[in-house]
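Notes to accompany the following structure.
Numbering (full-length UniProt numbering), first residue to last: 1 to 201.
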């Protein structure tokens, strides 16, 4: 049977990043849509790690293939770490990120820079057909900017400001973003175990 990895997402922006980072594994990395899977998985976990595991294990059981899933989000310290695990569902399932981003900026109006600290968190779970699972976590620290900037990212990237680079994560090149990002770090941590599994007979 041909080995492949199914990544439990329908988000094309995310798939682009994932494919770049996992390219050298030499196996196809498919989104749910490309794998022909329609699954409405309820993310009932109370942490990024639990939600990633729910998604990866469900898809692995359904397909018998190695499944990867991530659960990621933005934690804004001043807002008690909101939106956190609800980042995708913040202000409703179908609310555009332009509206979400504008809302977060307005909630931080008048808040000084040192209190605008925030981080992107990503937990990745790899679920293997033999029942093993591996969970990794990556973070990137920054602050919430005063306006949306940049076209390269997706989601909350335009308002996530990196003081040391003097730009938002939506203004980084894709290569640099993958190097620095929460998802890049978590994916690289899972890469060698994936490689070892794929090389087994």
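Built from N, CA and C at the ideal position, the CB exists for glycine as well.
Considering only C-alpha positions, which residue in the set 126, 94, 142 is nearest to residue 53? Locating residue 53 in the chain shown gives position 53, where the first residue counts as 1. Taking only the C-alpha atoms, the option nearest residue 53 is 126.
How close, in whole Å, do the beta carbons of residue 74 and residue 7 come, if the pair is a contact with beta carbons under 8 Å? Translated into the one-based positions of the chain shown, residue 74 becomes position 74. Translated into the one-based positions of the chain shown, residue 7 becomes position 7. Not quite, the Cβ-Cβ distance comes to about 20 Å (not below 8 Å), so this is no contact.
So who's on the other strand from residue 31, going by DSSP bridges? In the chain shown, the residue the question calls residue 31 occupies position 31. Residue 31 is bridged to 7.
Beta-carbon gap between residue 194 and residue 25 smaller than 9 Å: Along the chain shown, one-based indexing puts residue 194 at 194. Along the chain shown, one-based indexing puts residue 25 at 25. Their beta carbons are under 9 Å apart, which means residue 194 touches residue 25 by this criterion.
I need the boundaries of the alpha helix (DSSP H) containing residue 126, first residue and last residue. Within the chain shown, residue 126 is the residue found at index 126, counting from 1. First-last for residue 126: 117-127, but that is the beta strand (DSSP E), not the alpha helix (DSSP H).
By Cβ distance below 8 Å, which residues in the same chain neighbour residue 102 in space, the five residues on each side in sequence not counted? Residue mapping note: residue 102 aligns to position 102 of the chain shown, counting from 1. Only 148 meet the Cβ criterion.
DSSP puts residue 137 in a beta bridge; with which residues? Looking up residue 137 in the chain shown gives position 137. DSSP, once it has assigned bridges, lists 123 as partnering residue 137.
Can you have a look at residue 106 and say buried or exposed, based on whether 16 or more other CB atoms are within 10 angstroms of its CB? Against the chain shown, residue 106 aligns to sequence position 106. Burial call: exposed.
By DSSP, does residue 111 sit in helix, in strand, or in coil? The residue you call residue 111 lines up with position 111 of the chain shown. Coil, per DSSP.
Burial state of residue 112 (16 or more Cβ within 10 Å): Position 112 of the chain shown, counted from the start, is the residue given in the question as residue 112. Exposed, since its Cβ has fewer than 16 Cβ neighbours within 10 Å.
Just reading off the beta strand (DSSP E) that residue 73 is part of, what are its end residues? Taking the chain shown and counting its residues from 1, the one referred to as residue 73 is at position 73. Per DSSP, the unbroken beta strand (DSSP E) holding residue 73 starts and ends at 66-76.
Give a yes or no on contact between the segment 137-153 and the segment 169-178, applying the rule of three or more CB pairs nearer than 8 Å. Proximity of the segment 137-153 to the segment 169-178 meets the contact definition, three or more beta-carbon pairs being nearer than 8 Å.
Mind reading off the beta-carbon distance from residue 3 to residue 27? Whole number of angstroms is fine, and I expect it under 8 Å. Start at 1 with the first residue of the chain shown, and residue 3 comes out as number 3. Start at 1 with the first residue of the chain shown, and residue 27 comes out as number 27. Indeed, because the Cβ distance is near 5 Å, the residues count as touching under 8 Å.
As assigned by DSSP and simplified to three states, the class of residue 163: Numbered from its first residue, the chain shown carries residue 163 at position 163. Residue 163 sits in coil when the DSSP states are folded into three classes, being neither helix nor strand.
Rounding to the nearest angstrom, what Cα-Cα distance links residue 158 and residue 42 in this structure? As a position in the chain shown, residue 158 is number 158, starting the count at 1. As a position in the chain shown, residue 42 is number 42, starting the count at 1. If you take the alpha carbons of residue 158 and residue 42, they lie about 28 Å apart.
Do residue 71 and residue 122 have their C-beta atoms within less than 9 Å of each other? Within the chain shown, the letter at position 71 stands for residue 71. Within the chain shown, the letter at position 122 stands for residue 122. Cβ distance < 9 Å, so residue 71 and residue 122 count as in contact.
Secondary structure, beta strand (DSSP E): runs of 3+ residues fully inside the segment 145-191: 160-162
Which of helix, strand or coil does DSSP assign to residue 36? Taking the chain shown and counting its residues from 1, the one referred to as residue 36 is at position 36. Correct three-state label for residue 36: coil.
Would you tell me roughly how many angstroms separate the C-alpha atoms of residue 63 and residue 57, rounded to the nearest one? Working through the chain shown from its first residue, we reach residue 63 at position 63. Working through the chain shown from its first residue, we reach residue 57 at position 57. In a straight line, the C-alpha of residue 63 is about 10 Å away from that of residue 57.
Using CA coordinates, which residue listed in 32, 81, 189, 114 is at the minimum distance from residue 124? The residue you call residue 124 lines up with position 124 of the chain shown. Here the closest residue by C-alpha is 189.
Who are residue 143's beta bridge partners in DSSP? Residue mapping note: residue 143 aligns to position 143 of the chain shown, counting from 1. Answer is 117, 161, bridged to residue 143.
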